[in-house]
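So the mapping is simple: our numbering equals the position in the sequence shown, first residue as 1, plus 37.
Here the structure comes first, spelled out in structure tokens, and everything after it is commentary.
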Amino acid sequence: MEQALAEYLGVEHLALFANGTLALLTALQALRITGEVITTPYSFVATAHTLLSNEIQPVFVDIDPHTLNLDPNRIEAAITPRTTALLPVHV
Numbered sequence: 038m039e040q041a042l043a044e045y046l047g048v049e050h051l052a053l054f055a056n057g058t059l060a061l062l063t064a065l066q067a068l069r070i071t072g073e074v075i076t077t078p079y080s081f082v083a084t085a086h087t088l089l090s091n092e093i094q095p096v097f098v099d100i101d102p103h104t105l106n107l108d109p110n111r112i113e114a115a116i117t118p119r120t121t122a123l124l125p126v127h128v
């Protein structure tokens, strides 16, 4: 997308977002995510903040102590009828 826009505008460099927070906020809105989203508390505050800013309820699932990423063995227990997405982050 960025490359196509850069070519259209005739510029060498282009960034659509100033930071990852804005990119995540926009992605949640573009995908029309609602309800509850399963994520990890072991992340920068922007992960939960972007959910709350979009009136989405974060559901925190603990991390795997070896990978420090979302523990896949704990996800199923956190799923409810209101769950609409998983938002993992990489550490």
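Here a beta-carbon is modelled for each residue, glycine too, at the ideal position from N, C-alpha and C.
Just so we're clear, the structure is a prediction, and the values are computed from it rather than from any experiment.
Cβ separation of ALA115 and VAL98, assumed to be a contact under 8 Å, to the nearest whole Å: 5 Å
Can you tell me which of GLY47, LEU51 and THR117 puts its alpha carbon nearest to the alpha carbon of GLU39? LEU51
When DSSP builds the beta bridges, which residues end up paired with PHE97? THR76
If you run the structure through DSSP and keep just helix, strand and coil, what is TYR52? Inspection of the sequence shows that residue 52 is occupied by Ala rather than by Tyr. It is coil, neither helix nor strand.
Option nearest ILE70 by Cα separation, candidates LEU105, ASN110, PRO78 and GLN94: GLN94
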